[in-house]
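When we follow full-length UniProt numbering, the leftmost residue of the sequence shown carries the number 1, and every step to the right adds one. Don't be surprised by glycine CBs; every beta carbon is placed ideally from N, CA and C. On a predicted model such as this, the values are computed, not experimentally measured, just so you know. Structure first, commentary second.
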Amino acid sequence: MPLPVGQLGQKKELGNGTIGSLKDYSIYTVTAGTDINYGLALDVKDGQAVVATKTPIYGISVKRAYVIGHDFDAIEGDHWLKGEKMGALRQGSVSVPITEDVDRLDQATINVDGTFRPAKPGEQVVGRFITAGNANSTAIVDVNLTDMGTTGTGTTADNSATPAAGTTTTDTGSDKKGDK
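Put into structure tokens, the structure is as follows:
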């Protein structure tokens, strides 16, 4: 039986992959191409989500509202499993793992493992931190990801990873179990 998570066992800062503000946000559904932790930057490879190793990014993995496990110890190690339908935040605010100290309103970029840090001069920016955070903890990053300014690869995207024409992608907190 799935365990509900809610705020149980969370520190003052939000856990990775938790929606970080009340403003509108946009989450697309995509299939996990590998096991993926919450709050990591994503790219799409062969029509499936993988951890991004460089910018630009497709989205950020959001956590689900339940845990697959037999007891509350399962909460800490929960993540998306290869083949699961998962949520990828493309617009809005989400809590992410950071590797360096960040200040509020710092520009954000990613490391090669999909974690986040402040952008250095000349690096591509993916969003802005809206909270401060200490290295090796979490901070909330705000993003509005588009594919503008990128160069085409000539490959075809997985059509299930984007919403149908004329549909809204704003989600106000519904369950992110995917369509298993």
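CA-to-CA distance, residue j to residue i, given in whole angstroms
{"i": "Val62", "j": "Lys120", "result": "26 Å"}
{"i": "Gly127", "j": "Val143", "result": "5 Å"}
{"i": "Ile60", "j": "Ala88", "result": "5 Å"}
{"i": "Asn37", "j": "Gln124", "result": "23 Å"}
{"i": "Leu40", "j": "Gly122", "result": "22 Å"}
{"i": "Lys23", "j": "Gln91", "result": "10 Å"}
{"i": "Asp158", "j": "Asp46", "result": "Note that Asp158 scores 49 on pLDDT, short of 50, meaning its location in the model is unreliable and no value can be drawn from it."}
{"i": "Val94", "j": "Thr131", "result": "11 Å"}
{"i": "Glu76", "j": "Arg64", "result": "13 Å"}
{"i": "Gln107", "j": "Ile68", "result": "34 Å"}
{"i": "Glu100", "j": "Thr55", "result": "18 Å"}
{"i": "Gly14", "j": "Val44", "result": "The identity of residue 14 in the sequence shown is Leu, whereas the question assumes Gly. When rounded, the distance between both Cα atoms is 26 Å."}
Run of the beta strand (DSSP E) containing residue i, from where it starts to where it stops
{"i": "Thr18", "result": "Looking at the DSSP string, Thr18 is not in any beta strand (DSSP E), and its letter there is neither H nor E."}
{"i": "Asp142", "result": "137-144"}
{"i": "Gly127", "result": "127-129"}
{"i": "Lys85", "result": "85-98"}
{"i": "Ala108", "result": "107-110"}
{"i": "Asp29", "result": "In the sequence as presented, Asp is not what sits at residue 29; that position holds Thr. 26-31 is the span of the beta strand (DSSP E), which, as asked, contains Thr29."}
{"i": "Arg117", "result": "116-118"}
{"i": "Ile68", "result": "Looking at the DSSP string, Ile68 is not in any beta strand (DSSP E), and its letter there is neither H nor E."}
{"i": "Ile60", "result": "59-61"}
Beta bridge counterpart(s) of residue i as assigned by DSSP
{"i": "Gln48", "result": "Lys45"}
{"i": "Gly133", "result": "Val102"}
{"i": "Ile36", "result": "Trp80"}
Residue closest to residue i, alpha-carbon to alpha-carbon, out of the options
{"i": "Val51", "options": "Gly15, Gly92, Met86", "result": "Met86"}
{"i": "Arg117", "options": "Ile98, Thr34, Leu42", "result": "Ile98"}
{"i": "Asp113", "options": "Ile140, Leu42, Val102", "result": "Leu42"}
{"i": "Leu81", "options": "Asp35, Phe129, Tyr28", "result": "Asp35"}
{"i": "Thr29", "options": "Gly69, Val67, Gly83, Lys54", "result": "Gly83"}
{"i": "Val96", "options": "Val67, Ala74, Ala135", "result": "Ala135"}
{"i": "Ile57", "options": "Ala32, Ile68, Thr109", "result": "Thr109"}
{"i": "Leu105", "options": "Gly133, Thr115, Tyr66, Tyr25", "result": "Gly133"}
{"i": "Tyr66", "options": "Val102, Ile27, Ser26, Thr18", "result": "Thr18"}
{"i": "Val102", "options": "His79, Val44, Ile140", "result": "Ile140"}
Distance between beta carbons of residue j and residue i, contact taken as under 8 Å
{"i": "Asn16", "j": "Thr146", "result": "At roughly 24 Å, the Cβ-Cβ gap does not stay under 8 Å, so Asn16 and Thr146 are not in contact."}
{"i": "Ala32", "j": "Ala49", "result": "5 Å"}
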